[in-house]
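Colleague:
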Amino acid sequence: MSKWLGIVGFTLLTSLMPSVASAQAVGGYAAGCQFDAQALPENGPGFHVIRASRARFYGQPTLINYLQSLGHKLEQAQLPPMLVADIAMERGGPFAYGHRSHQTGLDADIWLRTPPKQTSPRQLEKVAAVDMVDHSLYILTPQFKDQQRQLISLAAQDPRVSRIFVHPLIKQAMCKAYGDAAWLNRLRPWFGHSSHFHVRLHCPPGDTHCEPQAQAAPGTGCGSELASWINDKSGTLSGGASKPYRPTLPQQCQRWVKQ
Ligand SMILES: [Zn+2]
């Protein structure tokens, strides 16, 4: 009798569970969710998580591994640890406030400033961003140094990276420093990325429900494409969206993510 109850209970439980069994990114970067996310530890070799109280430090295993290996590369290069900001919520989906993507555990924000001297949880909770662009003169500030260039370059060289969003002036500085390096293609100019850069990984192999983003045009993107961004300063002043962003999520995400 109890055996039958057990089977009925098990069937009921599995039918209520989402149809995705293991770690997966589901849907698009700006309309999706994630299953079996991992938490990035608050500190590790070459990195600190900031504003951990927001609990936005969950990502797909490939992203957590990417961040930890980037931390090791920074240590090897004798660079200061990086500050990792928003990744995603444990189940993904849209944030209550802030940017639109970061929904599938494949996006992460990394700050460009050096860590504060004190890296206690309290300090890391309230650390302030440092803008690398002087928006009135439209030039990079002296805060943007070789250390920042090396950080972005190491971040971009990992083949798991689909694209990294940086301010157009930062892309320009990287083009100047690294010439025709193939990975410059992964650096995409985007306004609003002057105190941090945003790493986006490709859909992990086998994640059949993950929607990839279209490939960027071939080449370094350092020529006319960059010039059009540099000349168009209109986006630099636009603020964040005022209305909460509530996209229609894929079916597998709809009961999994509370919106
Ligand atoms: Zn971001």
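According to the working numbering, the sequence shown holds residues 2 to 260 in order.
All C-beta atoms, glycine included, are put in the ideal place defined by N, C-alpha and C.
Verify whether the separation of the beta carbon atoms of Gly45 and Gln69 is less than 8 angstroms.
Modeller: By 1-based counting over the sequence shown, the position of residue 45 is 44. By 1-based counting over the sequence shown, the position of residue 69 is 68. A contact, by the Cβ cut-off of 8 angstroms.
Colleague: Should Asp110 be counted as a contact of ligand 1 given a C-beta to heavy atom distance under 7 angstroms?
Modeller: Against the sequence shown, residue 110 aligns to sequence position 109. It does: the Cβ of Asp110 is within 7 angstroms (strictly closer) of some heavy atom of ligand 1.
Colleague: If you draw a straight line from the alpha carbon of Phe145 to that of Gln173, how long is it in whole angstroms?
Modeller: Along the sequence shown, read from residue 1 onward, the residue named residue 145 stands at position 144. Along the sequence shown, read from residue 1 onward, the residue named residue 173 stands at position 172. Cα to Cα, the separation comes out at about 12 angstroms.
Colleague: Between Lys118, His73, Val167, which lies nearest to Lys127 when the distance is taken from Cα to Cα?
Modeller: Translated into the one-based positions of the sequence shown, residue 127 becomes position 126. Lys127 has its Cα closest to that of Lys118, out of Lys118, His73, Val167.
Colleague: Counting C-beta neighbours from all protein chains within 10 Å, is the total for His73 16 or more, i.e. buried, or is it exposed?
Modeller: Indexing the sequence shown from 1 puts residue 73 at position 72. Exposed: under 16 other Cβ atoms inside 10 Å.
Colleague: Once DSSP output is grouped into helix, strand and coil, what is the label at Ser163?
Modeller: Taking the sequence shown and counting its residues from 1, one reaches residue 163 at position 162. Strand, per DSSP.
Colleague: Should His199 be listed as close to ligand 1, given that the test is whether its C-beta is under 7 angstroms from any heavy atom?
Modeller: If you number the sequence shown from 1, residue 199 lands on position 198. True, at least one ligand heavy atom lies under 7 angstroms from that Cβ.
Colleague: How big is the Cα-Cα spacing for Ala109 and Ala38?
Modeller: Against the sequence shown, residue 109 aligns to sequence position 108. Against the sequence shown, residue 38 aligns to sequence position 37. The alpha-carbon atoms of Ala109 and Ala38 are separated by roughly 14 angstroms.
Colleague: Find out if the Cβ-Cβ distance for the pair Leu71, Ile88 is shorter than 8 angstroms.
Modeller: Locating residue 71 in the sequence shown gives position 70, counting from the first residue. Locating residue 88 in the sequence shown gives position 87, counting from the first residue. It is not a contact, given that the beta carbons lie outside the stated cut-off.
Colleague: So the candidates are Val134, Arg150, Ile111; which of them puts its Cα closest to the Cα of Gly270?
Modeller: Nothing about residue 270 can be read from this structure; the chain reaches only from 2 to 260.
Colleague: What do you reckon, are the CB atoms on Gln148 and Leu250 nearer than 8 angstroms?
Modeller: If you number the sequence shown from 1, residue 148 lands on position 147. If you number the sequence shown from 1, residue 250 lands on position 249. No, the pair does not count as a contact, with Cβ atoms beyond the cut-off.
Colleague: Helix, strand or coil for Leu113 per DSSP?
Modeller: Residue numbering aside, residue 113 sits at position 112 when the sequence shown is read from its first letter. Correct three-state label for Leu113: coil.
Colleague: Can you give the Cα-Cα distance for Thr15 and Pro205, rounded to whole angstroms?
Modeller: Within the sequence shown, numbered from 1, the residue matching residue 15 stands at position 14. Within the sequence shown, numbered from 1, the residue matching residue 205 stands at position 204. Confidence is the limiting factor: at Thr15 the pLDDT is only 43, short of 50, which leaves the residue's position unreliable, though a coordinate-based value still follows. Going from the Cα of Thr15 to the Cα of Pro205 covers about 25 angstroms.
Colleague: In whole angstroms, give me the CA-to-CA distance for Phe166 and Arg201.
Modeller: Here residue 166 corresponds to residue number 165 of the sequence shown, with the count starting at 1. Here residue 201 corresponds to residue number 200 of the sequence shown, with the count starting at 1. Near 8 angstroms, if we compare the C-alpha coordinates of Arg201 and Phe166.
Colleague: Is the beta carbon of Asp87 within less than 7 angstroms of some heavy atom of ligand 1?
Modeller: Within the sequence shown, residue 87 is the residue found at index 86, counting from 1. Result yes, Cβ under 7 angstroms from ligand 1.
Colleague: Expressed to the nearest angstrom, what Euclidean distance is found between the alpha-carbon atoms of His203 and Ala157?
Modeller: Here residue 203 corresponds to residue number 202 of the sequence shown, with the count starting at 1. Here residue 157 corresponds to residue number 156 of the sequence shown, with the count starting at 1. Going from the Cα of His203 to the Cα of Ala157 covers about 12 angstroms.
Colleague: Determine whether the beta carbon atoms of Arg101 and Val258 lie at a separation below 8 angstroms.
Modeller: As a working note, residue 101 is residue 100 in the sequence shown. As a working note, residue 258 is residue 257 in the sequence shown. No.
Colleague: Tell me whether Lys244 sits in a helix, a strand or coil according to DSSP, three-state version.
Modeller: Start at 1 with the first residue of the sequence shown, and residue 244 comes out as number 243. Coil, per DSSP.
Colleague: Is there at least one Cβ from chain D nearer than 8 angstroms to Ala53's Cβ?
Modeller: The chain labelled as chain D is not found in the depicted structure, where only one protein chain is given.
Colleague: So is Asp208 buried or exposed if we call it buried at 16+ other beta carbons inside 10 Å?
Modeller: Locating residue 208 in the sequence shown gives position 207, where the first residue counts as 1. So Asp208 counts as buried.
Colleague: Taking DSSP as the reference, what is the three-state secondary structure of Ile51?
Modeller: On the sequence shown, residue 51 is found 50 positions in, with the first residue counted as 1. Under the three-state reduction of DSSP output, Ile51 falls in the coil class, being neither helix nor strand.
Colleague: Might you give, ordered along the chain, the residues of its own chain that have their beta carbon closer than 6 angstroms to the beta carbon of Thr115, omitting 5 neighbours on each side?
Modeller: By 1-based counting over the sequence shown, the position of residue 115 is 114. Excluding positions up to five away in sequence, the list reads Pro81.
Colleague: In three-state DSSP terms, what is Leu138?
Modeller: The residue you call residue 138 lines up with position 137 of the sequence shown. Reduced to three states, the DSSP call for Leu138 is coil.
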